[in-house]
Amino acid sequence: MNGETNTTEDLTILAVVEEGIAASDGTRGDETADTLRRLYTEVLGLIPFEAEPEAPPPAARERLLAALAGDLGDETQPAPAVPVAPAAVAAVAAPEPVRPVPAPVPVRASQEMRTYRPATAGAGSVPVRAPSRWPLTLAASLAFLFLGLAAWLFYQVQDQNQTIARLNQELTLERTQAAGAYAQVRRLETDNRGMDEKLSLVTTRAAMVAPMKPVGAPPMQPAARGVLYVADDHQHWYMTLHGLAPADAGKTYKLWFVGGQGPVSAGTFTARTGDRVELSSKQMPAGTTAAMVTLESDPQAAAPSGPEVLRAAAMYEIG
Amino acid sequence: MPDAALLRQVADRRPEALGALYDRYSPTLLGLAKRILGSAADAEELLQEVFLHVWNHAGKYDAGRSSVSTWLTLVTRSRAIDRLRTRKVVERTHESSALADPREHASPEGVETVFIRERRERVRREMEGLPPEQRQVLEMAFYEGLSQSEIAAKAGLPLGTVKTRTLLAMKKLRAALRDEIRQLL
Chain A
1 MNGETNTTED LTILAVVEEG IAASDGTRGD ETADTLRRLY TEVLGLIPFE
51 AEPEAPPPAA RERLLAALAG DLGDETQPAP AVPVAPAAVA AVAAPEPVRP
101 VPAPVPVRAS QEMRTYRPAT AGAGSVPVRA PSRWPLTLAA SLAFLFLGLA
151 AWLFYQVQDQ NQTIARLNQE LTLERTQAAG AYAQVRRLET DNRGMDEKLS
201 LVTTRAAMVA PMKPVGAPPM QPAARGVLYV ADDHQHWYMT LHGLAPADAG
251 KTYKLWFVGG QGPVSAGTFT ARTGDRVELS SKQMPAGTTA AMVTLESDPQ
301 AAAPSGPEVL RAAAMYEIG
Chain B
320 MPDAALLRQV ADRRPEALGA LYDRYSPTLL GLAKRILGSA ADAEELLQEV
370 FLHVWNHAGK YDAGRSSVST WLTLVTRSRA IDRLRTRKVV ERTHESSALA
420 DPREHASPEG VETVFIRERR ERVRREMEGL PPEQRQVLEM AFYEGLSQSE
470 IAAKAGLPLG TVKTRTLLAM KKLRAALRDE IRQLL
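Taken in order, these protein sequences are the chains called A and B. So in our numbering, the last spot in the first sequence is 319, and the numbers never skip. So in our numbering, the last spot in the second sequence is 504, and the numbers never skip.
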């Protein structure tokens, strides 16, 4: 399914649907088998949206971006360069240092003529001149020259490869640091937005405030307290709670807004001893008249089922 | 920016596009992973795997087979089921996530986009509207990765009954969520 290898069990639901449709109604009208499969695939893709969403920790996003930065750094690493050698000296196994080209030995014609005597030479025979060696000497000189040039080029390429490798490492490091700085900027932006929201609450022309008080006779947590602030747009809200004991294992605190349509979940949260809990959002269900905190065994409960810990039953307008 | 356009940018190796997709869908995918695996730590690890998979396979996404949203949720579900089978977890255990700073624990509804929130409300409403017996078989197949035979054995029902309930549930959801599906196509 789009690049993901699945076992056949993943297609079980789709297979059941197709089998059922084929058995109950042989004609599908205008919808082809592919269209039906696509439609029911989208239905499967929508089912997860009923699950309670979970905000991931900010560090998770940073780790992901850092991993991408490392991946992009590997992609820009060039392939190791291959030293280029001239074709004429391709058979040379190892580079040799540059050797001074030996000066060609001057050939003295008289000496050459004295050393060469044919066996049957007699009086009156014409002396034969020995073949000149200067082309061989020139070729040898050129070969040494090319060897030296190849060796020099090889070392140049090696040096540049090392420089490129070092620069790539520095680039990767810079990118990693940039990713970290980027993540820090995002954190600061988040903090800034949070402060903006609080500032908007305390500077609005009119806002509502509701004390959160323990509920029950006797109260489940008599030391717990809190305050809910609602902006005049009845959307932005900020809540602070203190004195809440940590929830027992397997239980979680859940915030509800109560209105004409009954309690609406506003999310779960965790309390630690001595710490203050702060919650905020830009959205509040229309018609909210009260708020409450319950202790739930099922964090995904659609309605309150656990005991009520705190409640804001009265909202006071300020400003 | 539409999901498909973002994914094309991810295929062009633009990390900011993946970050945008992450912001848009990570609460839903993390909630799904936690629902299946029951462990916050495993769910967070799986979320990283999913988005690295998206990064490496964005070029292979086929818009003709599913929407981007469906691709993401089904990839997450598939990997979670694989991990679940590997761990051979029989019972789900729920644990609270440790929060370093209470201030950061804003309600997810406060940071999600409007259209994701509205989609969630509609899907929840329709799932809650299913008859309990139909919802049960659908959830066992989807969240536990059980085959129809395994569901029949576990629930003590005939195989035919399980298939019928699954089919009826899917038909109801398809009809009830047609507007939502039309937006995805």
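Just so you know, even glycine gets a beta-carbon here, dropped at the ideal spot from N, CA and C. Values in this document were obtained by computation on a predicted structure and should not be read as measured data.
Can a CB atom of chain B be found closer than 8 Å to the CB of residue i?
i             : result
residue 13/A  : yes
residue 263/A : no
residue 61/A  : yes
residue 46/A  : yes
residue 176/A : no
residue 72/A  : yes
residue 189/A : no
residue 215/A : no
residue 16/A  : yes
Does the beta-carbon distance from residue i to residue j come in below 8 Å?
i             : j             : result
residue 212/A : residue 310/A : yes
residue 496/B : residue 442/B : yes
residue 171/A : residue 374/B : no
residue 303/A : residue 246/A : no
residue 489/B : residue 43/A  : yes
residue 330/B : residue 377/B : yes
residue 45/A  : residue 385/B : yes
residue 207/A : residue 227/A : no
residue 346/B : residue 18/A  : no
residue 47/A  : residue 461/B : yes
residue 388/B : residue 342/B : no
residue 288/A : residue 267/A : no
residue 72/A  : residue 332/B : yes
residue 365/B : residue 406/B : no
residue 225/A : residue 242/A : yes
So with Cβ pairs under 8 Å, would you call residue i a contact of chain A?
i             : result
residue 453/B : no
residue 357/B : no
residue 330/B : no
residue 460/B : yes
residue 446/B : yes
residue 493/B : yes
residue 449/B : no
residue 389/B : yes
residue 340/B : no
residue 354/B : yes
Considering only DSSP beta bridges, list what residue i is partnered with.
i             : result
residue 254/A : 268/A and 294/A
residue 240/A : 227/A and 278/A
residue 214/A : 310/A
residue 259/A : 262/A
residue 15/A  : Answer is none; residue 15/A lacks a bridge partner.
residue 481/B : In DSSP, residue 481/B forms no bridge with anything.
residue 317/A : 208/A
residue 219/A : 216/A
Listing by chain order, which chain B residues have their CB less than 7 Å from the CB of residue i?
i             : result
residue 209/A : Those do not exist, as residue 209/A stays about 19 Å from chain B at its closest Cβ, beyond 7 Å.
residue 49/A  : 347, 438, 439 and 442
residue 68/A  : 334, 337 and 374
residue 145/A : Correct list: empty, because the minimum Cβ distance to chain B is about 47 Å.
Against residue i, what residues of chain B qualify as contacts under a CB-to-CB distance less than 8 Å, listed in chain order?
i             : result
residue 295/A : Neighbours of residue 295/A on chain B: none; closest Cβ ~12 Å, over 8 Å.
residue 56/A  : 345, 346, 349, 363 and 366
residue 172/A : Neighbours of residue 172/A on chain B: none; closest Cβ ~14 Å, over 8 Å.
Run down chain A in chain order and give the residues with a C-beta less than 7 Å from the C-beta of residue i.
i             : result
residue 260/B : There is simply no residue 260/B to check, as chain B begins at 320 and stops at 504 in what is shown.
residue 520/B : Because chain B in this structure spans residues 320 to 504, residue 520/B falls outside the shown range and cannot be described.
residue 392/B : 45 and 48
residue 396/B : 48
How would you list, in chain order, the residues of chain A whose beta-carbon sits under 8 Å from the beta-carbon of residue i?
i             : result
residue 463/B : Under the 8 Å cutoff, chain A gives no residues; its nearest Cβ is about 10 Å from residue 463/B.
residue 473/B : Those within 8 Å of residue 473/B in chain A number zero; the least Cβ separation is about 14 Å.
residue 476/B : Residues of chain A passing the Cβ test: none, with the nearest at roughly 14 Å.
Could you tell me whether any non-hydrogen atom of the ligand MN is closer than 7 Å to the CB of residue i?
i            : result
residue 36/A : Only the bare structure without any ligand can be found here, which leaves the ligand MN out of the picture.
Can you pull the chain B residues whose beta carbon is under 9 Å from the beta carbon of residue i, in chain order?
i             : result
residue 20/A  : 482, 483, 485, 486, 487, 489 and 490
residue 273/A : Under the 9 Å cutoff, chain B gives no residues; its nearest Cβ is about 12 Å from residue 273/A.
residue 42/A  : 385, 386, 388, 389, 493, 496, 499, 500, 503 and 504
Contiguous alpha helix (DSSP H) assignments of at least 4 residues, all confined to the region 439-467 of chain B: 451-462
Which full runs of the alpha helix (DSSP H) of 4+ residues lie inside the region 325-377 of chain B, going along the chain? 334-356 and 359-376
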